[in-house]
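Before any comments, here is the structure.
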Amino acid sequence: MQEREKILDNYTAKVFKNRKDHIVQLEESGASQEIAANSRSVPGMMINRGCCYAGCKGVVLGPLRDVVTITHGPVGCGFYSWGTRRNKANNPDGRNFIQYCFTTDMQESDIVFGGEKKLKQAIKEAVELFHPECILICSTCPIGLIGDDIQAVATWAQEAFKIQCVAFSCEGYRGVSQSAGHHIANNGLMKHIIGTGNAVAHAGKHTVNILGEYNIGGDGWETSRVLKRIGYEVLNVFTGDGSYEGIKDSHIADLNLVMCHRSINYIAEMMKTKYGIDWLKVNCIGIAETIHSLREMALYFNDPVISAKTEEVIAEEYAAIAGDLEFYKEKLAGKTAGIFVGGSRTHHYQSLLKELGVKTVIGGYEFAHRDDYEGRDVLADIKLDADSKNIEEITVTKDEAKYRLVIDQERFEELKDQIALEEYKGMFRDMDAGTITVDDFNHYETEKLIEIFKPDIFYSGIKDKYMLVKSGTPSRQLHSYDYSGPYSCFQGALNFARDSYMAIYAPAWGLIAAPWKTTSTLMGKIGGAQ
Ligand code: CFM
């Protein structure tokens, strides 16, 4: 029986019918196979997904440091999304509010009589105490159910306090996962904030935005450091250590780099239509992938100074880690891994693991869409179901005043054949035959996979981490990096290798067998005789 069948074998007919299309075992290395994704989970299963509010407030909007983001709802939602994602941010202008938890703390009577008054009061208090230029409102499930008009409250706040206020109807139940929340956040930022500034393009500066980089454990800082060394101007990071003031002017960038395709492809595409900015899919996790991305950027800009500097920085950054990396490569060679994260990291980390000699045998995502697995070529074939249709699709048009092409159409076509311009080929392309991929994995399936594949390490999420540890499998948490990081670029690769080595070689794993399993714990003497 193939491993895939072993996992599905225990399911009842109804669950089997649902899950069979979400589990794929690759027949050929790098060849795409169809997978079911972005659909409702089976009720009652212990899954790892988050909700729409988590995707909007927690993932995309939360990292913006100079805005006050108010969670309109009961206190639990605000509390749960408070400071747990390790999206680090600096405080360059005295406006870093991300360490606070702002919530309207809706009580029973507010649910019965409506919460708009309370929301207005919360905005008033936030303005008086923190003087933000921008307030974002994110609604949670009960708000949608009772019908508070948060959009009207936002309009009121704009007039009352002369600040920007944007409301996001990102109730947890909208869509099937946090992916819906990404889309809603992308729409709101695009409609109300991106491109509203008056900055003009910095001609000849090679200005980039990094999209889909949330600065977990400082990844965005490390990537920016390397890019700046080469001579790029990093205008904005969306949204790790990002700012409202900054992203208003993000339309003047020459190129958008897309790190996490899943959470931000919408903004990348809309900025192309509206402002003419090309986007390039990059991956700054792993040495080979980082080098590849840096060279593709250099090709795009086609400036001999940048190209030379790119090679110089690559050589220096690599030389700085090469010695230490050898030690870890030796220790990690031949190991196997499982990776389950949200919607992009499972792909990003596979090539880094390969460089370290670790083979990824099981992988998967919580909420990715088919294009994240199979590549953007399938976009036209994806049929939208009722849940997806529920998310607003906004249409943007060319902004005549701010539209600007850095390269002409002919050069664009020429480059498109060479580099990942407006292209993402998906995760399957980099996976080997026989490896298994699970969409919207649950705890039963994870347990079963561990039993079958016995990976040496499992790069997990938050909910599944402890079940892995209890099964005796070393785990590194790949969402928040377990208090470590950064893991991006060259120095980051070394950090990752060190953390993986420490996880696998921790002496604790030699002590997990219960003492009574290996030695008799019954002690005594035979009495009676002298
Ligand atoms: Fe993108 Fe992310 Fe991810 Fe994501 Fe996330 Fe995250 Fe993630 Mo956790 S934006 S899809 S919703 S790379 S919080 S920084 S680690 S599940 S794989």
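When we follow the numbering used here, the leftmost residue of the sequence shown carries the number 7, and every step to the right adds one.
Note that CB positions come from ideal geometry on N, CA and C, so glycine has one too.
Let me see if you follow: with CB-CB separation under 8 Å, is residue i close to chain B or not?
i, result
"Q483", "The chain inventory of the structure shown lacks chain B, comprising one protein chain alone."
CB-CB under 6 Å to residue i, same chain, minus the five flanking residues each way: which ones, in chain order?
i, result
"L385", "D377"
"I558", "Because the chain spans 7 through 536 in this model, residue 558 falls outside it and cannot be assessed."
"C147", "E177, G178 and Y179"
"M112", "G79, P80 and G121"
"N221", "N93, K94, G246 and D247"
"M433", "H353 and Y379"
"D27", "A42"
"V475", "S481"
"I104", "R71 and A95"
"S477", "I456"
"S145", "H78, I156, S175 and E177"
"T296", "C290 and C495"
"R364", "Checking the sequence shown, residue 364 turns out to be Val, not Arg. Contacts found: L338, K341 and A343."
"S38", "E380 and F434"
How about residue i and residue j: are their beta carbons less than 8 Å apart?
i, j, result
"G68", "Q184", "no"
"I141", "I76", "yes"
"C58", "G181", "yes"
"I143", "A160", "yes"
"K349", "E372", "Position check: residue 349 holds Gly in this sequence, whereas Lys was assumed. Against a cut-off of 8 Å, the Cβ pair of E372 and G349 comes out as a contact."
"I273", "F307", "no"
"I66", "S256", "Looking at the sequence provided, one finds Val at residue 66 rather than Ile. Their beta carbons are not under 8 Å apart, which means V66 does not touch S256 by this criterion."
"C290", "I190", "no"
"V264", "V288", "yes"
"T316", "L331", "no"
"Y250", "I199", "yes"
"I258", "T213", "yes"
"N501", "G516", "no"
"G292", "S230", "no"
"H188", "Y430", "no"
"I463", "A514", "no"
"A207", "R351", "no"
"A163", "V74", "no"
"Y355", "Y465", "yes"
"A392", "D445", "no"
"Y334", "L305", "no"
"I117", "I152", "yes"
"A60", "S87", "yes"
Run through the DSSP bridge pairs and tell me what residue i is partnered with.
i, result
"I368", "G344 and I442"
"V384", "In DSSP, V384 forms no bridge with anything."
"N242", "N215"
"L142", "T75 and V172"
"R482", "Y465"
"V3", "Residue 3 lies beyond the residue range present for the chain, which begins at 7 and ends at 536; the question has no answer from this structure."
"L427", "L286"
"F108", "I76"
"E261", "The sequence given here places Leu at residue 261; Glu does not occur at that position. The partner list for L261 (beta bridge, DSSP) reads V214 and D284."
"I222", "N93"
"N448", "I53"
"I29", "V444"
Residues in the same chain with beta-carbon distance under 7 Å from residue i, minus the five sequence neighbours each way, listed in chain order, please.
i, result
"E469", "The sequence shown places Lys at residue 469, rather than the Glu named in the question. Cβ neighbours of K469 beyond the five flanking positions: N54."
"T202", "K254"
"S494", "D225, E228, T229, C290 and I291"
"Y238", "H212 and V214"
"V21", "V48"
"I312", "H212, I236, G237 and A304"
Which word fits residue i, buried or exposed, when buried means at least 16 other C-beta atoms lie within 10 angstroms of its C-beta?
i, result
"Q521", "One point to set straight first is that residue 521 is Pro, not Gln, in the sequence displayed. P521 should be labelled exposed."
"Y511", "exposed"
"S526", "exposed"
"D383", "exposed"
"G370", "buried"
"N215", "buried"
"F346", "buried"
"L427", "buried"
"D387", "exposed"
"F447", "buried"
"R25", "buried"
"M303", "buried"
"E2", "Nothing about residue 2 can be reported from this structure: the residues present for the chain run from 7 to 536 only."
"Y543", "No answer is possible for residue 543: the residues shown for the chain start at 7 and end at 536."
"F108", "buried"
"A499", "buried"
"L390", "exposed"
Please return the same chain residues whose Cβ sits closer than 8 Å to the Cβ of residue i, not counting the five positions on each side in sequence.
i, result
"W285", "L217, L261, N262, L263, V264, A274, E275, M277, K278, L427 and E428"
"Y487", "R92, I222, G223, Y493 and D505"
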